[in-house]
Structure formats: C-alpha cells, structure tokens
Amino acid sequence: GSGALPTLVVTAGLQLAIFAVALRRSTSATCTLDLWLLVPAAIGMAVWVSTDAPIAGAIGVVVADLCGLIPTVRKVWADPGSEPPVLWLIGGIAFVVACLAVRPATAGGLVYPSYLALGNVVVGSIAIGRRSSATTLVT
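Residue numbers (the numbering used here): 64 to 202.
See the structure below:
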C-alpha cells in the first residue's frame, strides 16, 4: 500500500545500520547459506512493497524475516548462551497478545504477528533446551 515505501525506507535504513555494526563486531561465522538467504529475503521485500493484497504483503514480509531468523537459529543452536532466552520468550508472548488484538482478525493481519510469536518462542526454546543439554552433558 501507500505506506509501504516509507516504512521500507526507514526499516531498511535501520536494518542496514544494525547489519553494519554486526558485521564489524560479530564473532559468529557467516556461511554460504546466510548469503544465499539474501535472495529470498529481497524477493519477499519486493512482494511486500509491490502488492496491495494484505495477505501477499504479509507473506512477503514473513519470507524476508524468516531469511534473517534462520541464521539466528543456527547461531543459537551452536552457541545457546549467545542469546537471552527470556527476551525471546517475552517477545513470543507479546506477539501472541498482538494476535489477540488484531481486529478484524484476518489472515493478512494475523500472518506476521503469528509468525513472530512462533519464531520468538522457537529461538528462546532452543536457547533454553541447548543450555540444559550442555549442562546435563557436563554434570
């Protein structure tokens, strides 16, 4: 829609700034998959910006965001202490509440916050589960 382009510009600018800082300070290894994920992420963003269909735009955003979540999941799996699980779980709860607040409850309005709720809970759960596994193996 008409608000998509300004939102894209602001969001992209912030994400690029975070990306630049992360590249500079990162201790995580980037793999080929991380770079290849930029392709579907760009396609998802293009769909989001170019469509007037809410469900198509929401799916485009989910595809783009998922391409950023995959490297995060990989990193948390390898180093569960690298992410604070409580913050991810609180985020998951917040997005469940956001889903409950969507009125009218349409697929286009629920796809993204539902995905965010699930993604946050998955990352938080992996961090907790892998920390527990590491502790169990040590003791």
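Glycine included, every Cβ here is placed at the ideal spot set by N, Cα and C. Quantities reported herein were computed from a predicted structural model and do not represent experimental measurements.
Determine the DSSP secondary structure at residue i, reduced to helix, strand or coil.
{"i": "R166", "result": "coil"}
{"i": "P103", "result": "helix"}
{"i": "D115", "result": "coil"}
{"i": "A127", "result": "helix"}
{"i": "T70", "result": "helix"}
{"i": "T93", "result": "coil"}
{"i": "P147", "result": "coil"}
Do residue i and residue j have their C-beta atoms within less than 9 angstroms of each other?
{"i": "G187", "j": "G155", "result": "yes"}
{"i": "V174", "j": "A105", "result": "no"}
{"i": "V136", "j": "S145", "result": "no"}
{"i": "G123", "j": "V110", "result": "yes"}
{"i": "A161", "j": "L179", "result": "yes"}
{"i": "L203", "j": "P69", "result": "The question about residue 203 has no answer here: the residues shown for the chain are numbered 64 through 202."}
{"i": "R194", "j": "P143", "result": "yes"}
At 4 residues or longer, and completely inside the region 152 to 196: list those alpha helix (DSSP H) runs for me, N to C. none
Counting Cβ pairs closer than 8 angstroms, one from the region 110 to 127 and one from the region 144 to 157, do we hit at least three? no
Pairing CB atoms from the region 159 to 169 with CB atoms from the region 106 to 116, are three or more of them under 8 angstroms? no
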